[in-house]
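A short write-up of the structure that comes next.
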Ligand code: 5AD
Ligand code: SF4
């Protein structure tokens with residue numbers, strides 16, 4: 007193929023990462039990154055369906071692409087990702103100008119499907135119902151990649167989710183939990199480091215249960231599978247020492263943090279997201295003792311009311327959550343904590359909403375993604391129509407929650423004033439290009455005055471002189487590390 011492509015990503019980091027793989031495949035097939043949707047030959051929309059507004063945005067964007075395609079019939083439109091997985095045939099019916107519709111389990115097929123489309127005269131729809139897990143080559147992370155930023159890499163460690171939170175559509179569109187073999191992950195991080203990546207983010211829906219399926223597989227079929235490959239050296243040795251007991255409880259995620267954190271060249275390791283019910287002491291211990299693992303924990307609370315947590319099937323109480331958080335703060339020096347909270351889950355009363363405010367205040371979150379509950383067809387909570395919370399009530403609760411979170415995030419940021427922080431430079435600040443923007447190890451956003459020319463991907467010391475609710479302001483004191491690799495930004499993010 008020749009010409010240019012643009013990938014637009016909606017939704018989470020898992021999707022961002024799939025987009026990098028789709029971009030990698032398109033480039034391997036001869037396409038070059040394009041500047042914008044208006045001129046590109048191939049436009050890929052990688053979709054999200056976690057909340058309802060994502061649907062609306064997709065159909066809005068498709069409407070715009072229709073007018074482009076009327077003018078340029080050679081334009082090819084691909085819809086990939088979670089919404090495609092959920093809506094399947096109906097996307098092609100609602101938007102017949104789409105050329106290819108593909109789901110979440112066949113990222114590796116992007117180019118083949120485009121070729122198939124060119125051979126026929128009908129849109130091509132391919133939605134697989136399961137991950138092609140047996141063939142580990144096809145894990146999205148095993149495909150060629152075009153990284154959004156050369157110095158930062160996402161690494162999928164696990165696909166799908168085995169939980170059944172009543173509000174969540176992820177298990178339906180991403181399938182059951184499947185862990186990627188330990189040695190594969192570590193090998194990918196080594197390769198990424200050789201490419202110039204210094205910060206990796208391990209991705210999974212429920213990272214703390216990483217490896218559960220692998221240990222069971224290794225136990226069930228110890229002759230047929232290579233335990234070293236599936237589990238990594240440490241866990242495989244434990245399995246050999248005590249095949250009956252140890253292998254099942256082996257804290258593989260903690261082992262993984264250690265292994266990834268010791269890859270030469272990797273300066274920062276992040277991960278998202280752990281489930282509060284599975285946050286283990288071993289993980290906290292690994293975060294505390296592996297220098298590369300950043301002091302940041304994203305621990306989704308969802309609600310502070312035990313009644314609502316139980317209706318959501320979250321598997322913990324507010325008290326248990328706060329205990330785990332206290333353990334994490336005690337174990338890890340200088341830990342920043344962020345969270346996800348849903349407001350207006352069906353049946354949420356004023357007292358439930360109040361409980362969430364209290365827990366949020368006690369947790370002193372450094373940041374929170376807050377969402378108004380959005381019914382997703384096919385999920386358990388979407389059936390509870392008669393208990394839906396009126397929109398205005400949810401909006402008012404949201405406003406109060408935001409005020410609580412903003413207070414603790416402002417205090418958290420203000421507490422950094424006067425300190426010198428290690429900052430990974432992202433690029434010029436959008437508002438004031440004479441300043442640079444970056445992230446501290448705690449993942450706080452920093453705008454600072456540079457000292458000379460500093461490239462994205464550099465690590466610098468910044469003295470924090472001021473702070474707001476959303477960011478720190480500072481002055482650069484020292485360059486710690488300059489990247490040796492070229493940085494490119496070919497994937498258009500939202
Ligand atoms: N409505 C609102 N928010 C949701 N989330 C997941 N499903 C829904 C929904 N139906 C939020 C949760 C999750 C985050 C990624 O999105 O807080 O942690
Ligand atoms: Fe959804 Fe719950 Fe799984 Fe997270 S843990 S992906 S919220 S079902």
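Numbering (our numbering), first residue to last: 7 to 500. Each residue gets a CB set at the ideal place from its N, CA and C atoms; glycine is no exception.
- Across the structure, residue 417 and residue 475 are spaced so that their CA atoms are roughly 8 Å apart.
- The beta carbon of residue 309 sits no closer than 7 Å to any heavy atom of the ligand 5AD.
- One alpha carbon belongs to residue 237, the other to residue 178, and they sit about 27 Å apart.
- Taking the C-beta atoms as reference points, residue 107 is found no nearer than 8 Å to residue 49.
- Remark: C-beta atoms of residue 10 and residue 30 do not approach each other more closely than 8 Å.
- The alpha-carbon of residue 307 is positioned some 11 Å away from that of residue 343.
- Annotated three-state conformation of residue 62 is helix, per DSSP.
- A direct Cα-to-Cα measurement between residue 324 and residue 72 gives close to 48 Å.
- Placement of the Cβ of residue 215 at a distance of 7 Å or more from every heavy atom of the ligand 5AD is found.
- Residue 334 sits close to residue 341, with the two beta carbons spaced by under 8 Å.
- The three-state reading of DSSP puts residue 434 in strand, counting E and B together.
- The set of residues with CB atoms less than 6 Å from any heavy atom of the ligand 5AD reads, in chain order, 56, 57, 173, 174, 306, 308, 346, 348, 377, 379, 380 and 382.
- Per the C-alpha coordinates, the member of 173, 204, 366 and 191 positioned closest to residue 489 is 204.
- Look at residue 73 here: in three-state DSSP terms it is helix.
- The Cβ atoms of residue 55 and residue 133 do not sit closer than 8 Å to each other.
- Here residue 374 carries a strand assignment [DSSP, helix/strand/coil].
- DSSP places residue 173 outside both helix and strand once states are collapsed to three, so it counts as coil.
- The segment 427-434 makes no contact with the segment 160-171: fewer than 3 CB pairs, one atom from each, lie closer than 8 Å.
- Contact between the segment 432-451 and the segment 385-401 is absent, with fewer than three C-beta pairs closer than 8 Å.
- Less than 8 Å separates the beta-carbon of residue 264 from that of residue 296.
- If the five residues before and after residue 472 are omitted, its C-beta is found closer than 6 Å to the C-beta atoms of 479, all from its own chain and listed in chain order.
- For residue 26, the number of other beta carbons within 10 angstroms of its own is at least 16, and it is reported as buried.
- For residue 209, the CB contacts under 7 Å within the same chain, skipping 5 residues up- and downstream, are 19, 20, 23, 160, 161, 162, 163 and 278 in chain order.
- Taking residue 365 as the centre and dropping the five residues before and after it, the same chain places the C-beta of 310 and 324 closer than 6 Å to its C-beta, in chain order.
- Buried is the label assigned to residue 261, since at least 16 other Cβ atoms lie within 10 Å of its Cβ.
- Taken from the Cβ of residue 171, at least one heavy atom of the ligand SF4 lies inside 7 Å.
- Under the 10 Å beta carbon count, residue 70 is surrounded by fewer than 16 other beta carbons and is classified as exposed.
- Secondary structure at residue 28: helix, using DSSP grouped into helix, strand and coil.
- Separation of the CB atoms of residue 259 and residue 314 is rounded to 27 Å, and the pair is thereby denied contact status at 8 Å.
- In summary, residue 65 is exposed, with fewer than 16 beta-carbon neighbours lying within 10 Å of its beta-carbon over all protein chains present.
- Sixteen is the threshold: when 16 or more other Cβ atoms of the shown chains lie within 10 Å of the Cβ of residue 212, as they do, the residue is buried.
- Annotated three-state conformation of residue 478 is strand, per DSSP.
- Burial is judged here by how many other beta carbons sit within 10 angstroms of a residue's own beta carbon; residue 273 has at least 16 and is buried.
- Checking the 7 Å criterion, the Cβ of residue 439 is out of range of every heavy atom belonging to the ligand SF4.
- In this structure, residue 165 lies near residue 184, with their beta-carbon atoms less than 8 Å apart.
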